[in-house]
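Mapping the sequence shown onto numbering that gives the first Met the number 0, position 129 (from 1) lands on 128, and the numbers just tick up by one. For glycine and all other residues, C-beta sits at the position ideal for the given N, C-alpha and C. Only one structure is covered here, and it is reproduced in the block below.
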Amino acid sequence: MLIRPVAFDHPDALKLNDEVQAEYHVRYGDGGDATHLDPADFRPPHGVYLIAYDEDGTPVATGGWRSQDKNAEGNEDGDAELKRMFVIESMRGRGLARRILAALEEDARAAGRARMVLETGDQQPEAIALYASSGYEPCAKFGYYREYESSLCYAKPLR
0 MLIRPVAFDH PDALKLNDEV QAEYHVRYGD GGDATHLDPA DFRPPHGVYL IAYDEDGTPV
60 ATGGWRSQDK NAEGNEDGDA ELKRMFVIES MRGRGLARRI LAALEEDARA AGRARMVLET
120 GDQQPEAIAL YASSGYEPCA KFGYYREYES SLCYAKPLR
């Protein structure tokens, strides 16, 4: 498995983003995540976007982080916000999400970010289990979905 950084608007990233949006729609019935994401948010040193490729060069998993500081949506100074963690269905259960998560944490730590934060939903038990087993704990809600009952927010110190 090869994990490499790509631009958030890279064709492989767009393909996987379409797949994760379709899955969000199935789980929540709302058309997908409406959070605004700018490709510039994921450019180093203020973020990174990773894709895992299988031995045939097929993109199979993705995830990124973007810098956030204190804002009206509830972020705190030094936050690295995790976005678009996703593994295609046929590759799940092989530890890919955990590998991408660890790489993102290391990158955000190296960039000087203080904590990794994420928002997920109550219809994503696999994600919740991954984050809990990786040391994430519930935190104050933040972001676009902070007022939704189904929104769950987690944080993990990086220092």
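Whole-angstrom C-beta distance between residue j and residue i, which should lie under 8 Å
i: Leu100; j: Gly62; result: 7 Å
i: Asp106; j: Val59; result: Contact doesn't hold; Cβ gap of about 19 Å is too wide.
i: Met231; j: Leu103; result: Since the displayed the chain opens at 0 and closes at 158, residue 231 lies outside it and no answer follows.
i: Gly92; j: Glu118; result: With a Cβ gap of about 24 Å, Gly92 and Glu118 do not count as contacting.
i: Pro38; j: Ala6; result: 6 Å
For residue i, the residue or residues it bridges with in DSSP
i: Cys138; result: Cys138 pairs with nothing; no bridge assigned.
i: Gly63; result: Tyr48, Lys82
i: Thr119; result: Leu151
i: Pro124; result: Bridge partners of Pro124: none, in fact.
i: Pro58; result: Tyr52
Assigned secondary structure, residue i (DSSP; H/G/I helix, E/B strand, else coil)
i: Glu105; result: helix
i: Ile87; result: coil
i: Leu129; result: helix
i: Arg93; result: coil
i: Arg26; result: helix
i: Leu1; result: strand
i: Pro10; result: helix
i: Pro161; result: Look at the range of the chain in this structure, 0 to 158, and you will see that residue 161 is not part of it.
i: Arg114; result: strand
i: Asp68; result: coil
i: Glu18; result: helix
i: Asp40; result: helix
i: Arg145; result: coil
Proximity to residue i [Cα-Cα], best of the options
i: Glu80; options: Glu146, Arg158, Ala113, Leu129; result: Ala113
i: Pro156; options: Tyr130, Gly30, Gln123; result: Tyr130
i: Met115; options: Tyr144, Asp68, Glu88, Ala128; result: Asp68
Neighbour flag for residue i against chain B, beta carbons, 8 Å
i: Arg42; result: Although the question refers to chain B, the structure presented lacks it and comprises just one protein chain.
**OP:** Indicate whether the contact test is met: 3 or more Cβ pairs, each with one atom in the region 21–28 and one in the region 43–62, closer than 8 Å.
**Re:** With a cut-off of 8 Å on Cβ pairs, the region 21–28 is not in contact with the region 43–62, counting fewer than three such pairs.
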